[in-house]
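First the structure, in the form of structure tokens, and then the observations on it.
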Ligand SMILES: CC(C)(COP(=O)(O)OP(=O)(O)OC[C@H]1O[C@@H](n2cnc3c(N)ncnc32)[C@H](O)[C@@H]1OP(=O)(O)O)[C@@H](O)C(=O)NCCC(=O)NCCS
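Residue numbers (the numbering used here): 15 to 209.
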């Protein structure tokens with residue numbers, strides 16, 4: 015599997031069909047304003063009820079430490095979505111660890127969310143396609159992901175993009191005192207559906 019390049023090519027702006035500009039970019043380091051916007055978007059998504067493992071909103075310092083840490087993990091690639099220039103969401107491409115030769119052909123898409131105030135502008139779709147392009151460009155043949163069964167918008171998004179549901183985890187997550195099932199998906203990335 016190829017090494018991750020220091021900078022992946024930027025995806026073109028999707029245009030501004032609804033009067034908003036949308037961009038998705040890989041983040042290699044944070045400016046103060048970008049990190050603040052990312053933390054604000056993350057907490058807004060957590061408060062609304064999903065998108066991250068967190069169930070409760072986090073202190074700004076905890077989120078900043080988390081995102082700075084993500085940038086240091088070699089297997090993780092962080093992408094952010096911008097609406098009209100401001101970061102409003104993120105997603106991570108997670109490569110398999112080096113010791114996992116048996117699954118070296120498959121990467122994961124994790125922690126995708128858009129702040130509630132920026133939803134419905136096509137950014138999550140754009141972020142997902144960007145992660146797929148990056149994974150394909152790095153030579154991965156398959157992308158795996160999982161969602162809580164309550165995340166209806168995400169389920170509609172991934173199924174519309176051709177993700178195949180292969181399993182249901184009966185006790186996937188616990189939020190608000192309730193145990194929630196999880197849905198597991200994969201998508202073949204290489205042309206012709208070759209795995
Ligand atoms: C899922 C989520 C990321 C979608 O973000 P978004 O930027 O609003 O999504 P988009 O505008 O790109 O919409 C893409 C598709 O998602 C689906 N979708 C989006 N909002 C939806 C809604 N409220 N109800 C049903 N489907 C919806 C549709 O299929 C939509 O395609 P369409 O516009 O052609 O109908 C966002 O709702 C979110 O952050 N939810 C909580 C976190 C989460 O569930 N993350 C996924 C875990 S990996």
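Built from N, CA and C at the ideal position, the CB exists for glycine as well.
- The three-state secondary structure of residue 56, taken from DSSP, is helix.
- Beta-bridge pairing by DSSP links residue 48 to no other residue.
- If the five residues before and after residue 60 are omitted, its C-beta is found closer than 8 Å to the C-beta atoms of 66, 68, 69, 70, 71, 72, all from its own chain and listed in chain order.
- Residue 147: member of the alpha helix (DSSP H) spanning 137-151, first to last residue.
- Contact between residue 149 and residue 203 holds: their C-beta atoms lie close to 6 Å from each other, under 8 Å.
- For residue 81, there is no enclosing beta strand (DSSP E); the residue is found in the alpha helix (DSSP H) stretching over 74-86.
- Between residue 200 and residue 120, the C-beta gap is smaller than 9 Å, which places the two residues in contact.
- According to DSSP, residue 158 shares a beta bridge with 122, 200.
- Going by C-alpha positions, residue 159 is about 30 Å away from residue 46.
- When DSSP reads this structure, residue 69 sits in no beta bridge, so it has no partner.
- Where residue 185 is concerned, the enclosing beta strand (DSSP E) starts and stops at 178-189.
- In the three-state reduction of the DSSP assignment, residue 171 falls in the helix class.
- Residue burial is scored here from C-beta neighbours: residue 131 has fewer than 16 other C-beta atoms within 10 angstroms and is therefore classed as exposed.
- Within the chosen limit of 8 Å, ligand 1 does not reach the beta carbon of residue 152 with any heavy atom.
- Its Cα nearest to that of residue 145, the residue 39 stands out among 135, 53, 39.
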